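Structure, as structure tokens:
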Amino acid sequence: MKTTKYLIIGQGLAGALLGAKLLEREAEFLIMDAFSPHAASQVAGGAFIPIVFRTLKKAEMIDEYLPALFNTYDSLEKLTGKKFLHMIPSLKLFNRDDIHKWQAAKKSTAGEFIKDLHSQVDISGVKPGFCGAVIEPSGWVDTKLLTAGMGEWFLKNNLLIQEKLDYNRIEFKKDGMIVNGRIKAEKIIFCEGAGAFHNPWFGNAGFSLNKGEILEIEVPGLNDDYIIRGDVFVMPLGNNRFRVGATYDQNNIDHYPTEAGKQQLLQKLDAILSLPFKVVSHHAGIRPSIKDRKPVMGAHPHFPQLFIFNGLGSKGVLYGPYRAIEMADFLLHGKALPAMVDVNRYF
Ligand SMILES: Cc1cc2nc3c(=O)[nH]c(=O)nc-3n(C[C@H](O)[C@H](O)[C@H](O)COP(=O)(O)OP(=O)(O)OC[C@H]3O[C@@H](n4cnc5c(N)ncnc54)[C@H](O)[C@@H]3O)c2cc1C
Numbered sequence: 067m068k069t070t071k072y073l074i075i076g077q078g079l080a081g082a083l084l085g086a087k088l089l090e091r092e093a094e095f096l097i098m099d100a101f102s103p104h105a106a107s108q109v110a111g112g113a114f115i116p117i118v119f120r121t122l123k124k125a126e127m128i129d130e131y132l133p134a135l136f137n138t139y140d141s142l143e144k145l146t147g148k149k150f151l152h153m154i155p156s157l158k159l160f161n162r163d164d165i166h167k168w169q170a171a172k173k174s175t176a177g178e179f180i181k182d183l184h185s186q187v188d189i190s191g192v193k194p195g196f197c198g199a200v201i202e203p204s205g206w207v208d209t210k211l212l213t214a215g216m217g218e219w220f221l222k223n224n225l226l227i228q229e230k231l232d233y234n235r236i237e238f239k240k241d242g243m244i245v246n247g248r249i250k251a252e253k254i255i256f257c258e259g260a261g262a263f264h265n266p267w268f269g270n271a272g273f274s275l276n277k278g279e280i281l282e283i284e285v286p287g288l289n290d291d292y293i294i295r296g297d298v299f300v301m302p303l304g305n306n307r308f309r310v311g312a313t314y315d316q317n318n319i320d321h322y323p324t325e326a327g328k329q330q331l332l333q334k335l336d337a338i339l340s341l342p343f344k345v346v347s348h349h350a351g352i353r354p355s356i357k358d359r360k361p362v363m364g365a366h367p368h369f370p371q372l373f374i375f376n377g378l379g380s381k382g383v384l385y386g387p388y389r390a391i392e393m394a395d396f397l398l399h400g401k402a403l404p405a406m407v408d409v410n411r412y413f
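Note that my numbering has the sequence shown beginning at 67, numbered continuously upward.
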């Protein structure tokens, strides 16, 4: 029987980041993951941006999130030898009617991230008539490559068990738990993404799942100096390939790409692109979103050996690194979690 202090369930972005933070702190842990190609981290756009377009304000806690983001992805790139953080400015397209709002935003606290305002965007492949705002820092994380790279590393170091946790096979003992009949753990931290909806202990911790669909397209000649952002983002991947996303659907929670989702993305794409394009692939996944759009973290109120680190929603790339540090500090040093992310708000 394998024994460990901490057993992390799930090695999507959340489990990989928490594992990395426990590793840094030399804690004893194992990760159990049943890989799914439909998990959010396998299909995500992975984009991050420091301002909120709806309000044109600086994103909440961005001064905390960004340094953690840079430090964490940089150190994981060094650990795995893979490149998954891509820094690239965003070009937000907007209509002339909104220019005053953007000029005001440039003078506000969001202004440090608005590098340029253009009264006319003139770049290859984008329809004329748009104004534009260049936003930096911005970029994307290849979450599929990150989880694959970290998975390889954990496996090579005997820290990853590739199997599914069966909730019915957690036996509670005086000195810990026996999981799937063969792993003894003192504490379990659930990082199951949308799978947590079925978790008997945390399934009702505020989940409000959100399906997303995403396309990869080929557009020879389209400018690839920016993530172009209209009502969808168009993110350059190299070799004339671009990722386009994403839809939001709270009613049909499954991982099947739909014709309706594709048409929605194509319509929004048609509104901004002037060049012909070909759809190369189409995927769907489920965001582990929470009603109040904040992560859910911490210990179960009645089962103090069970923990959750989840609810990264649509902003996992930005929230994940900072929140994984908080979660590791909570687990290892009992450092209190901020009330706004503490899972106890749903119990
Ligand atoms: C279409 C789409 C676009 C997105 N775009 C962006 C974006 O641009 N920027 C951004 O920041 N975020 C984006 N996201 C959100 C982002 O993907 C998530 O925030 C993040 O990936 C969630 O990671 P996670 O580890 O919590 O969940 P997941 O990636 O779902 O990982 C959970 C893991 O746990 C495993 N698991 C579950 N149950 C068990 C079990 N019982 N036993 C063993 N293993 C189990 C699963 O197989 C999986 O490997 C997008 C999501 C979607 C769907």
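By construction, the Cβ of each residue, glycine as well, lies at the ideal position given by its N, Cα and C atoms.
As the structure is a prediction and not an experimental result, all values here were calculated from the model.
Ile-165 (DSSP reduced to helix, strand or coil): The count along the sequence shown starts at 1 and reaches residue 165 at position 99. Reduced to three states, the DSSP call for Ile-165 is helix.
Distance cut-off 8 Å: Cys-197 Cβ against heavy atoms of ligand 1: Taking the sequence shown and counting its residues from 1, the one referred to as residue 197 is at position 131. Because no heavy atom of ligand 1 lies under 8 Å away, the Cβ of Cys-197 does not count as near it: no.
Closer than 8 Å: Thr-213 CB and nearest ligand 1 heavy atom: Walking along the sequence shown from the start, residue 213 turns up at place 147. For ligand 1, at least one heavy atom lies less than 8 Å from the Cβ of Thr-213.
Touching by the beta-carbon criterion (3+ pairs, under 8 Å), the stretch 279 to 289 and the stretch 395 to 408: no
Ala-86 and Leu-159 closer than 9 Å at C-beta: Against the sequence shown, residue 86 aligns to sequence position 20. Against the sequence shown, residue 159 aligns to sequence position 93. Cβ distance not < 9 Å, so Ala-86 and Leu-159 don't count as in contact.
CB contact flag (Ile-75, Ile-352, <9 Å): The residue labelled residue 75 in the question sits at position 9 within the sequence shown. The residue labelled residue 352 in the question sits at position 286 within the sequence shown. Cβ atoms of Ile-75 and Ile-352: not closer than 9 Å.
Meets three-Cβ-pair contact criterion under 8 Å: the stretch 347 to 364 and the stretch 112 to 131: no
C-alpha distance - Tyr-412 paired with Phe-373, whole-angstrom precision: Looking up residue 412 in the sequence shown gives position 346. Looking up residue 373 in the sequence shown gives position 307. Those two C-alpha atoms are separated by around 14 Å.
Anticipated Cβ contact below 8 Å, Leu-83 with Thr-138, distance rounded: Within the sequence shown, the letter at position 17 stands for residue 83. Within the sequence shown, the letter at position 72 stands for residue 138. Contact holds; Cβ gap of about 7 Å.
Lys-210 beta carbon less than 9 Å from that of Ser-340: For the purposes of this step, residue 340 is taken as the residue at position 274 of the sequence shown. For the purposes of this step, residue 210 is taken as the residue at position 144 of the sequence shown. Cβ distance not < 9 Å, so Ser-340 and Lys-210 don't count as in contact.
Identity of the residues DSSP links to Lys-277 by a beta bridge: The count along the sequence shown starts at 1 and reaches residue 277 at position 211. DSSP lists Asp-315 and Ile-352 as partners of Lys-277.
Local conformation of Arg-389 per DSSP, three classes: Here residue 389 is taken as the residue at index 323 of the sequence shown, counted from 1. Helix.
Ala-171 to Gly-261 span [Cα, whole Å]: To locate residue 171, count along the sequence shown from 1; it is residue 105. To locate residue 261, count along the sequence shown from 1; it is residue 195. If I take the Cα positions, the gap works out to 39 Å.
Residue interval of the alpha helix (DSSP H) (run including Gly-85): In the sequence shown, residue 85 corresponds to position 19, counting from 1. From DSSP, the alpha helix (DSSP H) with Gly-85 extends over 79 to 90.
Where Tyr-322 falls, given that 16 or more other Cβ within 10 Å makes a residue buried: Against the sequence shown, residue 322 aligns to sequence position 256. Exposed, since its Cβ has fewer than 16 Cβ neighbours within 10 Å.
From Glu-258, Phe-101 and Lys-250, residue whose alpha carbon lies closest to that of Glu-229: The sequence position of residue 229 within the sequence shown is 163, counting from 1. Comparing Cα positions, the closest option is Phe-101.
Backbone secondary structure at Asn-246 - three-state DSSP: For this step, residue 246 is matched to residue 180 along the sequence shown. Looking at Asn-246 - three-state DSSP - the assignment turns out to be coil, as it is neither helix nor strand.
Test item: CB-CB of Gly-78 and Ser-107 under 9 Å: Taking the sequence shown and counting its residues from 1, one reaches residue 78 at position 12. Taking the sequence shown and counting its residues from 1, one reaches residue 107 at position 41. Yes, Cβ-Cβ distance for Gly-78 and Ser-107 is below 9 Å.
Whether Pro-203 touches Met-127 by CB criterion (9 Å): Taking the sequence shown and counting its residues from 1, the one referred to as residue 203 is at position 137. Taking the sequence shown and counting its residues from 1, the one referred to as residue 127 is at position 61. No, Cβ-Cβ distance for Pro-203 and Met-127 is not below 9 Å.
CB of Gln-371 within 9 Å of CB of Phe-268, strictly: Taking the first residue of the sequence shown as 1, we reach residue 371 at position 305. Taking the first residue of the sequence shown as 1, we reach residue 268 at position 202. Contact flag unset, no.
Rounded straight-line distance, which links the Cα of Ser-185 to that of Ile-165: The count along the sequence shown starts at 1 and reaches residue 165 at position 99. The count along the sequence shown starts at 1 and reaches residue 185 at position 119. Computed Cα separation, rounded: 8 Å.
Assigned secondary structure, Val-285 (DSSP; H/G/I helix, E/B strand, else coil): As a working mapping, residue 285 is identified with position 219 in the sequence shown. Val-285 falls in the coil class under three-state DSSP.
Neighbour-count burial assignment, Lys-360, 16 or more Cβ in a 10 Å radius: Position 294 of the sequence shown holds residue 360. Classification of Lys-360: buried, given that the 10 Å Cβ count is 16 or more.
Reduced DSSP category for Met-216 - H, G, I as helix; E, B as strand; rest coil: What you label residue 216 is simply residue 150 of the sequence shown in a count that begins at 1. Here Met-216 sits in helix by DSSP.
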